[in-house]
Structures are given as structure tokens and as C-alpha cells.
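Engineer: Chains as they are written, first to last, in the working numbering: chain A, 1262 to 1863; chain B, 120 to 360. Idealized CB from N, CA, C, for every residue including glycine. I have a structure I would like to understand better, so I am pasting it below and will then ask my questions one at a time.
In C-alpha cells, the structure reads:
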């Protein structure tokens, strides 16, 4: 029978996977620049993503300056404002968060945490980064072409995206679409590697149900990305053709500036379907790695096993599956058939169930835990709060009748920033503070980390709570300037000014964080191999940071799940995944250090 | 427990049959798909992703075919060729389809001879497959030329009816033809490696510096069969509908 076959801890099956052939770099260039080592690629991905993210951060300052103090800054025209909005959204969602979670954390953590030497195809993995870099450069180039980058909004809806009058219709939109196509090609190369490494290159004893939740989150997000990006790719190809060759895939017959255009017969709603078939899974491409990483942060820093491990895994899988059948809840006001709205509202609200399971399990992991308020833990706790907040406003927007009046208001902006902006970014910060010691061998400065955390966390609320209120008042989003209206009180402007000031302060705190990364590299306290006393394989490597090939001569052998924490009466309150049973404190029954009977540890 | 000797990887591992075997595999360590090499797993997952691309293209084609108000040209008339008077509907497409399906056959034989370590036959069969593929692309070029030059079809317009007819046709068959061309290129590259015995001698690859083996032939075959299968769908919804 199959029951518990994977929890027989004393038996380790023989190796089935051949030892990986690694390419050993011979020069500086192949070691640090054109490196095939997933860890170097991860750091390249992370730096590129953070650099382009800084551009998007500056763009958000410009937008806030305009919204907070209209008619003050002569260098922000209406066209500029739309370009800032578009580029801010696109960069943050795709070029920062997707690339950082999957290309950055995925590359660094997958081989280390599953006990592999490297990704299965390191050369393809390296190409993935260079194509991503090309995509970023093409995107940046659009700032310097005549007409500037596209200002169509990050959703790039046709027909307006490619018609004259929209900023960037001359060349920016083409560069945007080409850049997206490059990103997708590059991501596919990396993504195939991540999936195959998780499925086919785990070490001995590492069953799927012993994988840390971080890997589950990144793995499922990669699967989503491989199946969702095709729709965006197709949409990008078709819109490029509409714009360059004058085809009419998305273009209906249009009278523009009093002139009948030569377009006709296309379907603009088709683009919306393609875009959101990608766009909704994209939310979970960003959220699932965050779910996974935060589970591990909470467990390690609360010194307690994750509550309901199996349910956490299945919740990730179910959320991933459901995310493919909810896309049209972004399109309630597109004029599609109302029955669609009924269906998509139902599926959308069903997602609340596995998501709520995850939130309860995080809270129950903390319950009676030995909570260490380290910086990663602070960010993990902040994630739970901000995520619940953003999730609850999602219930408003998932219902058709409530969504229609709130559609295209600041409420929507507040909702998605809370749920897929602030919450995942909290995890990104927590994860960087958490794994920085493994990447560099030094701890990050705690005082700077505290300042960074409190300003970011409180600031996020100071920025986005007022935006919910503005949304209820009916302040529309994507408006360059609100002149006198009958329905918005003048005091709304004061709130906008307040939000702008806070946004600038929060932005400045991020610079402190970047400074901390550089400063700690030289001055940080030496961390040793396992400063957080964590159980997963990456903390058990011989070298810190791990060398090429990750583990020494022998790959680690896994004997238990990743959450053997909080053990009583021991010098150490945790048991690493690879500690052989015969070296275990004799008081513990090794067979009970498994997801089925974690209470044995209490 | 510290025994790290490797069992023969091509050997099958004892496991229960049917659904239980599936569960056992997925509950086991190391590999979810037992005895499936990395490259093969990667190609399967890539093909799944590529399926989504082609599905999106074909669904978009169906959508614009419904959204346009101009009548759709009748494919069997557009794609007819006359040999001495009488036009024969879809004759060129029939030949192209026949050639592509035949190339799947030669590819499958190449895979079989590859695993028998018959270098010469494998390489010849792969080159035959590649030539079939190249002739398919050649006929596609002929068809495009006929539409563009003789019939005046353009991506943005079409004298026979809906503009979307030309735009979807060029886009989808172009994207498929691109897949075939890439396939032909790699068929030649892999056939060359087989011919030179690089898989028998385990010569390191030029870019990856990894040893190659005959799995590459099978992985190439997977891709090739996929491209053929996609053509069957394009053929059905574009030419027969």
C-alpha cells in the first residue's frame, strides 16, 4: 500500500538520479558574468529586477506629486502622467515582482532547498537571464524614442493603446509589446528549468510532501506562468501586427478625429480576455511564492511547525488551479454577457476558501509559538495583516453588483496595491533579510532594518487606507487632475496631499534598505552557516555562501519534513532535514517528526 | 543508507500498477516521473506551454471570424489549384498535410534506430524528415506567394472578403511554419551529431559542454510530432471550416 510510504524516515531509497555534470568556469567572465551557476544567475536577476523597480518607484513619486499637488509641477503634463502610470504598473508587476520571485528567489532557493547541484539545464538558465535583461533594456529604450513610452495603462487595452492621441502610440507601445515577448521567451527558459528541477532532480529522501512550502509556492507559480504567459504573448503579437501592419484583430470600425480609420471587424474584448487570462494568474504568480516564503519565515521565526502542512500544499495547488477560471471578474464592465459575471463571481469567491485556510494556518502556526520578533518575522506578520486587508476588499470587487459602482475608482487601486503590491513586497523584504546571511555570510543591520520596517509598514497603511475612502467617494483612478466636481468634497484634495507626503517618506525608507544591503556586506556581523537555526537544506551547506555545486562531495539525504521545530528538553529546538536518525536525541521518536504527527513535538 | 551506487537508469523500478503506481511515483523522492530523463520532461512541459499559445491563436481566429461583419471567403475555393482546367479544392493543402504526416513516420523510425545505436540509418531518416519539413515550408511559401501576388491578399485587406481572413491566415500559418523551420534546423543539427558519432563518443556540446546522448533524437521527435499535431488542428479549423 502507498500509505505513509514517504514518511518511513529510516529507509532512504537508493539514488535514481545521476550525479549532475557541472560546467566548471575557468575565467572571471564565465564565473561571474556569463555564469551557469543558479546562485549567480539569481543574484543577477535580483539586481536587475530591483534596479528597474527603482525606476518604477521614482515614477510612482512623480504620480503622487501630481495627484497631491496638482498644477504645481510644470514638468508633469497629462501625457507624462499616463506614461508614468503605465510604466509603473507594468514594471512593478512583471519586471520586478515576477522576475524577483521566480528568477531571483526561484533560482537561488530551488536547487538548494530540494538538494540539487544546480538547475537541470544551467546553460538554458543562463540564457533566461540574458533574455530577461534584453527585455528590460528594450523597455527602458522606450523612454528615449520619439513620443516616449506607452501611456495606455498597464492593461494596454486596444483600440486606444495604438491610436494617435494616446502617448507612446508612435513607438512606445511597440517597444512595450516586444519587450513583453522577450520577457516571456526568457521566462519560459527559466521556468521550464524550475519545474523540471523540482519534479525530477530532488535529492534522496526529498519527497514532494517534504518540500519546504517556499518551493511549493515557487513551483506552482512557475506552472501558472508557463500556462498563462502564452495568452499575453499571443495578445502582444496580435497587437503589434495591428499597430505595425494595420491588421484588425482587436480593432473595430472607428471614427477617429472625424476620420474613418481603415480598421474594421476586430474584437477589442478579445484582447481583454487574452490579457486577463494571463492577468489573473499573474496575481497568483506573484502571490503564491509569497505564500510559500511567508509560511517558512513564520515557522522558523516562531520556532513552531507550520500548522496543517498538507492543507497548505493543497491550498496552493487549488488556488493555482482556480486562478485560471476567474479572469473575467476584471471585465464586469466590459459589456460581456451578464451570465458570465455570475459564473466568474462564483469562482472568484470560491478562491476565498483555500486562501482563508492559508491565513488561519499562518495564525495557528503563531499560536503558542515561541515568536522571535526578528526583522524577517516582522515583515511576515505585516504580510498577514496587509494580505487579509487586501483580500477582504477583494470580496467587494468580486461581486458584480458591488464592483460596478467601484470599478475604475481609487478603491480598486487601493485593493490591488494592498493585495499584490504591499503584501508580496513585505515578503520580498522579509525574504531578503532572512536569506541575506546565506548569500553573503553576514547579517543585515537590525537597527536600519527596524526603521525600514516600521516606516514601510505604517506608511503602506497611511498611503492605501485613505485611497479606499477616496474610492468610496467616487474619485476615479487614472485621472491626471480632478477639477471641480459636484460629488467630491474639496477636502479629498487634502487627503491626496497627505498620501503624497507619506509616499515620499516610504520611498526614502527603501533607499535606507538598499544602503543596508551594501553596508552590511562589509560591516555586517558574521552570520555563520545557520543563524536562524532553520531546518531546510540550504542552511546545512558546508560553505556559506554555498560553493558551485551547492553541497560538498555528497548530496544531503533527507530524513524528515522541514518543520521539526519547537522540540522540548533539547540543546537545540530543531532538527535539520538531513540529520540522520541515529544522531538524533534519543528522546525523540524520529518516525513522528512528520507532517502527520507534528504534535509529537509539543 | 550511505550506499550511493546508481542502479541502471533505463531500468524500470518495481512499483504497483495503475493509479496506485502513479500515486507511489508522486509520493516518492527524487523523481515524480520515473525513468524520464530531464530533457524529455522539459520538452513535454514546453509543449504543454506551446499548446496554450496555439490554442490562444486558434481561439482568437474563431473570435475575429465571428466579430467581423464582412463575409468570410470560402476556403475550398481560395485554396484550390487548377491542373489543366478544372480547379481541385484544397489539393495543395492535402499534399502538404500528407508530407508532414509522413515526416512524422520517418521521425518515429529515426527514434527507434537511434535507440538501436544504428547511427547511419538514424541520421538518414532524420535528414529525410528534415527534407519533408523543408518541402512543407517550401509549399507554404508557394501558397503565400499565390495569395499575395495573384489574389492580392494582404494582412490588412482582402479582395475576397473579410480582412481578418488574410491576417489570421498569415499569422497562424506563419507561426506554425516558423515552428517547422526551427524543427528542420534542429533536425539537421542533431542528424549531424548522430552521423559524427558524438552521442556514442559522449563529445561535450559546443555551448553547454555537456555530454549528449540518443535521448536528443527522441526529444526532437516529441517536438516534431507536436508540430504535426498542431497542423492537423490548423488544417481542420482553417481549411475545412
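What do you get for residue 1505 of chain A, buried or exposed, if any count of 16 or more other CB atoms within 10 angstroms of its CB means buried?
Structural biologist: Under this definition residue 1505 of chain A is an exposed residue.
Engineer: From A/1654, A/1688, A/1590, A/1278, pick the residue whose C-alpha is nearest to that of residue 1637 of chain A; which is it?
Structural biologist: Answer by Cα proximity: A/1688.
Engineer: Which same chain residues, not among the five before or five after residue 279 of chain B, have their C-beta less than 6 Å away from its C-beta?
Structural biologist: Same-chain partners within the cutoff: 192.
Engineer: In whole angstroms, what is the alpha-carbon distance linking residue 222 of chain B and residue 198 of chain B?
Structural biologist: Roughly 23 Å between the two C-alpha positions.
Engineer: Quick check: what's the CA-CA separation for residue 1269 of chain A versus residue 1841 of chain A?
Structural biologist: For residue 1269 of chain A, the pLDDT reaches just 47, beneath the cut-off of 50, and the residue's location in the model is therefore unreliable, although a value from the coordinates is still provided. Going by the C-alpha atoms only, they are around 13 Å apart.
Engineer: Quick check on residue 1278 of chain A: does DSSP put it in helix, strand or coil?
Structural biologist: If DSSP states are grouped into helix, strand and coil, residue 1278 of chain A belongs with coil.
Engineer: Between which two residues does the beta strand (DSSP E) harbouring residue 1440 of chain A extend?
Structural biologist: Where residue 1440 of chain A is concerned, there is no enclosing beta strand (DSSP E), although the alpha helix (DSSP H) it sits in stretches over 1433-1461.
Engineer: Mind checking the segment 252-278 of chain B against chain A and listing, in chain order, the residues whose C-beta falls within less than 7 Å of any C-beta there?
Structural biologist: Listed by position along the chain: 274, 275.
Engineer: Residues in the segment 1373-1386 of chain A with C-beta within 9 Å of chain B's C-beta atoms, listed in sequence order?
Structural biologist: So the list reads 1381, 1382, 1383, 1384, 1385, given in the order they occur along the chain.
Engineer: Do the segment 1506-1526 of chain A and the segment 156-167 of chain B meet, that is, are 3 or more Cβ pairs less than 8 Å apart?
Structural biologist: Too few Cβ pairs lie closer than 8 Å, so no.
Engineer: For the beta strand (DSSP E) containing residue 207 of chain B, list its first residue and its last residue.
Structural biologist: Residues 206-208.
Engineer: Considering just the uninterrupted stretch of the beta strand (DSSP E) at residue 201 of chain B, what are its terminal residues?
Structural biologist: Element bounds for residue 201 of chain B: 199-201.
Engineer: For residue 289 of chain B, which residues from the same chain have a beta carbon less than 6 Å from its beta carbon, with the 5 sequence-adjacent residues on both sides left out?
Structural biologist: The answer, listed in chain order, is 274.
Engineer: Beta-carbon of residue 1572 of chain A versus every beta-carbon of chain B: anything under 8 Å?
Structural biologist: So, not an interface residue.
Engineer: Starting from residue 1292 of chain A, trace the alpha helix (DSSP H) both ways and give me its first and last residue.
Structural biologist: From DSSP, residue 1292 of chain A is part of no alpha helix (DSSP H); its letter is neither H nor E.
Engineer: Just the C-alpha distance for residue 128 of chain B and residue 1811 of chain A, rounded to the nearest angstrom, thanks.
Structural biologist: For residue 128 of chain B, the predicted model reports a pLDDT of 44, less than 50, meaning its position is unreliable; a value from the coordinates is still stated below. Straight-line Cα distance between these residues: approximately 24 Å.
Engineer: Considering only their Cβ atoms, is the gap separating residue 1764 of chain A from residue 1322 of chain A smaller than 8 Å?
Structural biologist: Their beta carbons are under 8 Å apart, which means residue 1322 of chain A touches residue 1764 of chain A by this criterion.
Engineer: By alpha-carbon positions, which one of B/353, B/153, B/360 ends up nearest to residue 219 of chain B?
Structural biologist: Considering only alpha carbons, the answer is B/353.
Engineer: Is the beta carbon of residue 1606 of chain A closer than 8 Å to that of residue 1539 of chain A?
Structural biologist: No, they are not a contact pair.
Engineer: Note down, in chain order, each residue of its chain lying with its Cβ closer than 6 Å to the Cβ of residue 136 of chain B, except the 5 sequence neighbours on either side.
Structural biologist: Excluding residues within five positions, none has a Cβ falling inside 6 Å.
Engineer: Rounded to whole angstroms, what's the CA-CA distance from residue 247 of chain B to residue 225 of chain B? Just pull it up for me.
Structural biologist: Going from the Cα of residue 247 of chain B to the Cα of residue 225 of chain B covers about 7 Å.
Engineer: Quick check on residue 145 of chain B - is its C-beta less than 8 Å from some C-beta in chain A?
Structural biologist: Taking Cβ atoms only, chain A reaches closer than 8 Å to residue 145 of chain B, which makes this a yes.
Engineer: In whole angstroms, what separates the C-alpha of residue 336 of chain B from that of residue 1663 of chain A?
Structural biologist: Whole-angstrom Cα-Cα distance: 56 Å.
Engineer: Report the residue from A/1756, A/1503, A/1642, A/1726 whose alpha carbon sits nearest the alpha carbon of residue 1626 of chain A.
Structural biologist: When each option's Cα is compared against that of residue 1626 of chain A, the closest is A/1642.
Engineer: Quick one: does residue 199 of chain B have its CB under 8 Å from some CB of chain A?
Structural biologist: It does not; no Cβ of chain A falls within 8 Å.
Engineer: Any idea what DSSP makes of residue 1566 of chain A, helix, strand or coil?
Structural biologist: Coil at residue 1566 of chain A, not helix or strand.
Engineer: Please state whether the Cβ-Cβ distance between residue 1475 of chain A and residue 1818 of chain A is less than 8 Å.
Structural biologist: No; because the gap between Cβ atoms is not below 8 Å, this pair is not in contact.
Engineer: May I ask you to report which of helix, strand or coil DSSP gives residue 1379 of chain A?
Structural biologist: It is coil, neither helix nor strand.
Engineer: My understanding is that residue 241 of chain B touches residue 229 of chain B, with C-beta atoms under 8 Å, so please give their C-beta distance in whole angstroms.
Structural biologist: 5 Å between Cβ atoms; contact.
Engineer: Looking at C-beta atoms only, is the number of pairs between the segment 1297-1313 of chain A and the segment 1368-1378 of chain A that lie closer than 8 Å three or more?
Structural biologist: Result yes; three or more Cβ-Cβ pairs closer than 8 Å.
Engineer: What residues of chain A sit near residue 148 of chain B, judged by a beta carbon separation below 9 Å?
Structural biologist: In chain order: 1267, 1273, 1274, 1277, 1463, 1464, 1465, 1466, 1467, 1468, 1469, 1471, 1819.
Engineer: Using the beta-carbon count (16 or more within 10 Å), is residue 190 of chain B buried or exposed?
Structural biologist: With fewer than 16 Cβ atoms within 10 Å of its Cβ, residue 190 of chain B is classed as exposed.
Engineer: What's the C-alpha gap between residue 359 of chain B and residue 134 of chain B?
Structural biologist: Looking at the two C-alpha atoms, the distance is approximately 46 Å.
Engineer: Closer than 7 Å by beta-carbon distance: list the chain A residues that pair up with residue 326 of chain B, in chain order.
Structural biologist: Within 7 Å Cβ-Cβ: 1384.
Engineer: When the cut-off is 8 Å and only beta carbons count, does residue 1282 of chain A lie next to chain B?
Structural biologist: Closer than 8 Å to some Cβ of chain B, the Cβ of residue 1282 of chain A qualifies, so yes.
Engineer: Does the beta carbon of residue 292 of chain B sit closer than 8 Å to a beta carbon anywhere in chain A?
Structural biologist: No, residue 292 of chain B does not count as interfacial toward chain A.
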